Structure formats: structure tokens, C-alpha cells
Amino acid sequence: MGLISNIETAGRERTKLCKIIALSIKELFKNPVPDGHSADAAACIAMSLEKIFDGIDDTVAAWEKRNFWKKAERFRMEWEWTGSVAKKLSKALLEEDWSAIAANIAQTAQKVQNVAVSDKHRLGTPWDGAYKQFRKTHG
């Protein structure tokens with residue numbers, strides 16, 4: 185039996201999550217009035233932001249082992265917004281405060297505006313059932 189290696193690095197996962205966020209934002213903007221589909225898209229964005237934030241330490245660990253402190257700190261500063269926006273968005277989702285949700289989605293949209301998602305992407309519809317999963321994990 186051969187050696188099994190993990191090809192899903194933190195960087196690839198972060199890129200995939202950013203594409204999922206961008207795709208979810210596009211889907212969210214299709215609905216002029218918030219509904220269950222909007223809640224799914226917003227929950228998908230919140231959970232994706234949480235995953236990105238949780239992966240920051242994995243990314244910088246290798247740099248810190250090699251004493252690349254400035255690079256690690258710069259990376260942390262570049263991505264720290266994901267944690268704060270995820271918390272605010274999660275709180276707004278739990279309270280069903282759509283004005284706060286919209287504000288946090290707008291902030292997120294500015295950050296991922298340069299993320300390109302092909303029309304032939306293989307991401308599917310990652311927001312399907314996301315709100316139900318969000319409620320299970322967030323109370």
C-alpha cells in the first residue's frame with residue numbers, strides 16, 4: 185500500500201471557501217426579499233468565514249517554524265476580519281436581524297470582490313441546507 189498524503193492544504197481550502205462565499209453572495213443578491221433560501225446562503229457564508237478563520241494558525245505555523253514572523257503576522261492581519269465578521273454574521277442570523285446580516289454580507293462582498301468563480305465551477309450549491317446545519321452547531 186502506498187503513502188497517503190493530504191492534498192487539501194489550508195491554502196487550497198481557503199481558496200475554495202472564498203469561491204463558495206463569492207458564489208453564495210451572488211445567490212443571496214438574486215433574492216430581493218429575505219427568505220429561507222437567503223438564510224441558507226447567509227449561513228453558508230458565516231460557516232465558511234469561520235472555517236477560514238480557524239485555518240489561519242495552520243497556515244502560519246510553517247512560517248513561524250522558519251522564523252518568518254513578519255510574513256506570519258502580515259497574513260494574520262490580512263485574514264483576521266473573517267473571525268469578527270463571522271461572529272457578527274452568526275449573531276445576526278440567530279437573531280434574524282436582516283439589516284445586520286446585509287451589512288456583514290456587504291463587508292464580506294468587498295473583501296471577496298476579486299475572487300473569480302467560473303460559470304463551469306464544480307462547487308454545486310453549497311448553501312443548500314446550510315441554515316439547518318448552522319442552527320445545529322450554533323444553537
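Quick note on our numbering: the sequence shown kicks off at 185 and runs consecutively.
Where a beta carbon is used, it is the ideal one built from N, C-alpha and C, also for glycine.
Note that the coordinates shown come from a computational prediction; the quantities given were computed from them, not determined experimentally.
Closest by C-alpha distance to Ala-286, out of Met-261, Asp-303 and Ala-226, is Ala-226. Closest option to Arg-198, judged by alpha-carbon separation, among Lys-210, Asp-241, Pro-216 and Asp-219: Asp-241. In the structure shown, Phe-318 falls within a helical segment according to DSSP collapsed to helix, strand and coil.
Here DSSP, grouped into helix, strand and coil, assigns Val-244 to helix. Between the segment 256-276 and the segment 228-240, the count of Cβ pairs shorter than 8 Å is three or higher; the stretches touch. With a 10 Å radius around the Cβ and a threshold of 16 neighbouring Cβ atoms, Leu-273 comes out buried. Within the segment 218-286, the alpha helix (DSSP H) runs of at least 4 residues that lie entirely inside it are, in chain order, 220-238, 240-249, 253-263 and 265-279.
The beta carbon of Ala-300 sits closer than 6 Å to none of the beta carbons in its chain outside the five residues before and after it. In the DSSP annotation of this structure, Ser-302 is not part of any alpha helix (DSSP H), being labelled neither H nor E. By the Cβ criterion, the segment 237-256 is not in contact with the segment 205-217, since fewer than three pairs of Cβ atoms, one from each stretch, lie closer than 8 Å. The Cβ atoms of Ala-276 and Ala-284 lie closer than 8 Å to each other. As the crow flies, the alpha-carbon of Leu-201 is around 14 Å from that of Ser-302. Under the three-state reduction of DSSP, Asn-215 is assigned to coil, being neither helix nor strand. Straight across, the Cα-Cα distance linking Ser-222 with Asn-215 is about 7 Å.
Counting other Cβ atoms within 10 Å of its Cβ, Asp-219 stays below 16 and is therefore classed as exposed.
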